[in-house]
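Enquirer: Residue numbering for the sequence shown follows full-length UniProt numbering, starting at 1 and increasing by one per position.
Cβ atoms here follow ideal geometry from the backbone N, Cα and C, with glycine treated the same way.
It should be emphasised that the depicted structure is a prediction, and the values quoted were computed from it without experimental measurement.
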Amino acid sequence: MSLQASINKGTDQFHTTSDNRIYYPNEVWKQDIATKSKTDLLSIGFGADYKLTENWTSGVKYLGSFNDRNSANNPLTTRYNTAGEINSYILSDVNAQNKPQMNSVNWNNVFNLNNEGENITVDLDYFDYQKDDSRAFSGNEMDNQKENIPGTYFAAINSNLNRLKNYSAKMDVSLPYSWANISFGGKGFYTNTKNNLTVFDNETGTPILDTNYSNIFTYKEYNEAIYFSANKKLSEKWETQIGLRTEATQTEGYSENLNQTNKNNYIKLFPTAYVTYNANDNNSYSLNYSRRIRRPDFDYLNPFVIRTSPFYYSEGNPFLKPSIIDNLQFSYIRNQKWVNNIYFSQVSDFGQELAIIDPETNITKSTPVNYADTYQIGLSTYYNFNKYTWWNSFMGLNLNYQNVKSRTNLIASVDGYNGYIYTNNDFTVNQSKTLFMGLNYGLQLPGRYQVFNISTLNILDVSVKFLALKKNLSITLTGEDLLNAQKPLISYYSNGIKNTMKNYGDSRAFRIALSYKFGNQSVKSKERNFGNEEERNRAN
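#1: Out of G151, D132, S183, which has the shortest C-alpha to C-alpha gap to T121?
#2: Below 8 Å, how does it come out for the stretch 21 to 33 and the stretch 50 to 63: are there three or more Cβ pairs, yes or no?
#3: Which whole-angstrom value is the C-beta distance of T78 and Y89, which I expect to be below 8 Å?
#4: Quick check on the DSSP output: what are the complete beta strand (DSSP E) runs of length 3 or more inside the stretch 265 to 311, in order along the chain?
#5: Please state whether the Cβ-Cβ distance between S323 and F350 is less than 7 Å.
#6: Is the CB-CB distance between G243 and T272 below 7 Å?
#7: Which residue's Cα is closest to the Cα of S229: Y285, S290, T249?
#8: Are there 16 or more other CB atoms within 10 angstroms of the CB of E147, so buried, or fewer, so exposed?
#9: Counting only the same chain and skipping the five closest in sequence on each side, list residues whose C-beta sits under 7 Å from that of residue 544.
#10: For my contact list, P75 and I33 are in at a C-beta cut-off of 8 Å; report their separation, rounded to the angstrom.
#11: How is N537 classed by DSSP in three states: helix, strand or coil?
#12: Would the stretch 41 to 48 count as touching the stretch 2 to 14 if we require 3 or more Cβ pairs under 8 Å?
#13: Provide the residue span of the beta strand (DSSP E) that contains I497, from first to last.
#14: I need the DSSP call for Y153, collapsed to helix, strand or coil.
#15: On the DSSP bridge list, what partners appear for I33?
#16: Go through its chain and collect everything with a Cβ distance to R508's Cβ below 8 Å, but skip five positions before and after it.
#17: In its own chain, which residues sit with a C-beta less than 6 Å from the C-beta of E224, not counting the 5 before and 5 after it?
#18: Since I believe M395 is in contact with Y422 (beta carbons under 8 Å), could you give me their beta-carbon distance rounded to a whole number of angstroms?
#19: With DSSP as the reference, label V429 as helix, strand or coil.
#20: Return the CA-CA distance between E203 and D93, expressed in angstroms with no decimal places.
#21: Between the alpha carbons of R407 and A72, how many angstroms are there, rounded?
#22: Per DSSP, what kind of secondary structure is R334 in: helix, strand or coil?
#23: Taking only three categories from DSSP, how would you classify R528?
#24: Can you find the residues in the same chain that come closer than 6 Å, C-beta to C-beta, to L63, ignoring five residues on each side of it along the sequence?
#25: Assuming residue 586 and A513 are in contact, meaning their beta carbons sit under 8 Å apart, how far apart are those beta carbons, in whole angstroms?
#26: Using the three-state DSSP reduction, which class does N458 fall into: helix, strand or coil?
#27: Measuring straight from C-alpha to C-alpha, what distance separates Y24 and S515?
#28: Looking at the C-beta of N458, does it have a partner C-beta in chain D at a distance below 7 Å?
#29: Can you list, in chain order, the residues of its chain with a C-beta nearer than 7 Å to that of K194? Leave out the 5 residues immediately preceding and following it.
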């Protein structure tokens with residue numbers, strides 16, 4: 001029998017700032033936001049695996065997370081005329097709270113068919129997720145002397161109850177024959193979500209239900225998938241693998257307020273293939289192709305309208321489609337240390353949340369949209385330098401060209417380049433190997449990412465690790481983002497209107513970590529994932 005247990009308890013407090021600007025034809029709107037947030041974190045996990053027979057091992061695993069987050073900010077929007085003079089202000093007061101909670105259970109069974117590695121793995125998974133959101137906001141428009149303008153006061157209270165349940169089952173079969181390694185299996189899952197948004201107008205101080213924006217939205221998603229793959233070593237130098245995954249998906253979303261039902265029913269094929277040529281012990285070449293799917297988060301599919309001021313609101317999109325990604329990559333590896341890749345990636349129906357600007361009303365709508373088909377061509381290289389026993393270095397760069405072909409008149413087609421350079425270094429300071437130092441640095445070059453132009457940013461982390469008490473006690477001191485340089489300026493055009501954003505996420509930090517090992521160090525527990533990792537990641 002193998003047992004595992006863990007508990008994590010903590011508190012995060014952050015002070016984040018942002019400077020957002022909208023360049024209207026006759027005005028520039030500059031919004032400054034300083035947000036203070038506090039999150040109480042709690043997660044619990046345990047697992048048990050038992051070898052029932054020589055060929056059958058069964059295990060259960062549980063993970064629970066229970067968080068409580070509060071945040072407050074006072075967005076101030078300053079409106080400038082073309083001469084740079086202040087026309088007016090918009091000041092808001094926003095308080096928000098959300099409590100996401102998740103319970104996830106996995107039952108895993110492994111059946112060994114023989115001693116040659118043939119086995120069958122079966123996973124049954126369930127998770128439920130709930131999040132209670134509430135947001136209260138109020139504010140005024142003010143003249144250039146910061147005097148309230150009569151009749152412009154606004155106030156509302158939004159609350160949303162989000163409930164999600166997911167059931168998943170999958171089976172994997174591995175058959176390592178002498179002529180080829182065969183794998184096949186299947187997976188099916190069902191997800192049911194329900195959201196209940198309640199909006200109250202609070203301008204009089206007495207909350208009044210706003211039936212225009214209050215809404216109940218339910219969403220169901222079914223997915224059935226089967227796959228097959230075969231790997232074969234053709235000779236001492238050649239190896240290849242092919243695979244095919246077929247997925248069928250059915251979705252149904254219903255908005256009670258809109259009395260609107262949206263259904264989807266589709267089947268997609270996802271082939272994979274690679275071939276590797278090992279010229280000798282020092283040189284290896286490979287060519288890889290894969291297709292995969294990226295489904296939208298469940299929140300994005302919710303058509304709710306949530307306003308935070310008369311000039312800004314967010315809205316989900318029940319018509320949002322998944323993105324299909326095709327990847328092709330050629331790799332050359334030298335001495336198992338120097339890896340070079342030339343890659344091509346294409347995304348169909350690329351989806352992302354965008355701020356859509358209306359230049360006539362000065363209203364911004366934030367909503368996820370399948371707005372483009374994109375592709376990128378790039379080169380990446382990295383080298384592992386370990387000539388000295390006291391120094392191990394991992395350094396590399398990534399350069400690529402990106403092309404965005406817009407499918408909507410809200411966003412223009414664009415293209416451009418970007419690049420990233422990094423180096424990660426570990427140093428053993430003394431011969432007894434009880435003192436270590438780490439130095440990591442990354443530089444993001446100015447360039448384009450999708451529709452966004454991003455300025456330079458860089459990050460420097462330094463750590464010191466000390467081992468004591470026969471190396472069972474570990475003390476690690478870490479300084480994160482020491483240069484305080486993760487404040488890129490991001491710009492893009494929406495509906496022909498220029499937007500810029502400069503956000504700082506409180507990334508500079510100093511951390512102390514203590515760890516102590518006890519018991520028999522030769523006993524190792526086997527880690528395994530849940531069978532519905534992808535679906536859990538879509539709940540946020």
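Expert: In this structure, then:
#1: Taking the sequence shown and counting its residues from 1, one reaches residue 121 at position 121. Taking the Cα of T121 as reference, the smallest distance to any Cα among G151, D132, S183 is reached at S183.
#2: No, the stretch 21 to 33 does not touch the stretch 50 to 63.
#3: One-based indexing of the sequence shown puts residue 78 at position 78. One-based indexing of the sequence shown puts residue 89 at position 89. T78 to Y89, Cβ: 6 Å. Contact.
#4: Listed in chain order, they are 283 to 294, 305 to 309.
#5: Within the sequence shown, numbered from 1, the residue matching residue 323 stands at position 323. Within the sequence shown, numbered from 1, the residue matching residue 350 stands at position 350. Taking 7 Å as the Cβ cut-off, S323 and F350 qualify as a contacting pair.
#6: Along the sequence shown, one-based indexing puts residue 243 at 243. Along the sequence shown, one-based indexing puts residue 272 at 272. Yes, Cβ-Cβ distance for G243 and T272 is below 7 Å.
#7: Locating residue 229 in the sequence shown gives position 229, where the first residue counts as 1. Looking at the Cα atoms, S290 is the closest of the given residues.
#8: In the sequence shown, the residue the question calls residue 147 occupies position 147. By the neighbour-count criterion, in which a residue is buried when 16 or more other Cβ atoms sit within 10 angstroms of its Cβ, E147 is exposed.
#9: In this structure the chain extends from 1 to 540, so residue 544 is not present and cannot be described.
#10: In the sequence shown, counting from the first residue as 1, residue 75 sits at position 75. In the sequence shown, counting from the first residue as 1, residue 33 sits at position 33. Right, their Cβ atoms sit about 5 Å apart.
#11: The residue you call residue 537 lines up with position 537 of the sequence shown. Of the three classes helix, strand and coil, the one that applies to N537 here is helix, per DSSP.
#12: Yes, since at least three Cβ pairs between the stretch 41 to 48 and the stretch 2 to 14 fall closer than 8 Å, the two stretches touch.
#13: Position 497 of the sequence shown, counted from the start, is the residue given in the question as residue 497. Element bounds for I497: 497 to 504.
#14: The sequence position of residue 153 within the sequence shown is 153, counting from 1. Of the three classes helix, strand and coil, the one that applies to Y153 here is coil, per DSSP.
#15: As a position in the sequence shown, residue 33 is number 33, starting the count at 1. For I33, the beta-bridge partners assigned by DSSP are S18.
#16: Along the sequence shown, one-based indexing puts residue 508 at 508. Closer than 8 Å at the Cβ level, and outside the excluded window around R508, lie E480, D481, L482, N484.
#17: The residue you call residue 224 lines up with position 224 of the sequence shown. G188, A248, listed in sequence order.
#18: In the sequence shown, residue 422 corresponds to position 422, counting from 1. In the sequence shown, residue 395 corresponds to position 395, counting from 1. That belief holds up - the Cβ atoms of Y422 and M395 are roughly 7 Å apart, short of 8 Å.
#19: Residue 429 sits at position 429 when you count from the first residue of the sequence shown. In the displayed model, V429 falls within coil according to three-state DSSP, outside both helix and strand.
#20: Reading the sequence shown from its first residue, position 203 is the one you call residue 203. Reading the sequence shown from its first residue, position 93 is the one you call residue 93. Taken atom to atom, the span from the alpha-carbon of E203 to that of D93 is near 13 Å.
#21: In the sequence shown, the residue the question calls residue 407 occupies position 407. In the sequence shown, the residue the question calls residue 72 occupies position 72. Going by the C-alpha atoms only, they are around 37 Å apart.
#22: For this step, residue 334 is matched to residue 334 along the sequence shown. R334 sits in a strand when the DSSP states are folded into three classes.
#23: As a working mapping, residue 528 is identified with position 528 in the sequence shown. Note: R528 maps to coil in three-state DSSP.
#24: On the sequence shown, residue 63 is found 63 positions in, with the first residue counted as 1. G45, S104, listed in sequence order.
#25: Given that the chain is displayed from residue 1 to residue 540, the structure contains no residue 586 and the question cannot be resolved.
#26: Within the sequence shown, numbered from 1, the residue matching residue 458 stands at position 458. Here N458 sits in strand by DSSP.
#27: Along the sequence shown, one-based indexing puts residue 24 at 24. Along the sequence shown, one-based indexing puts residue 515 at 515. Looking at the two C-alpha atoms, the distance is approximately 54 Å.
#28: In the structure shown, chain D does not exist; there is a single protein chain.
#29: Taking the first residue of the sequence shown as position 1, residue 194 is located at position 194. Cβ within range, chain order: R163, T218.
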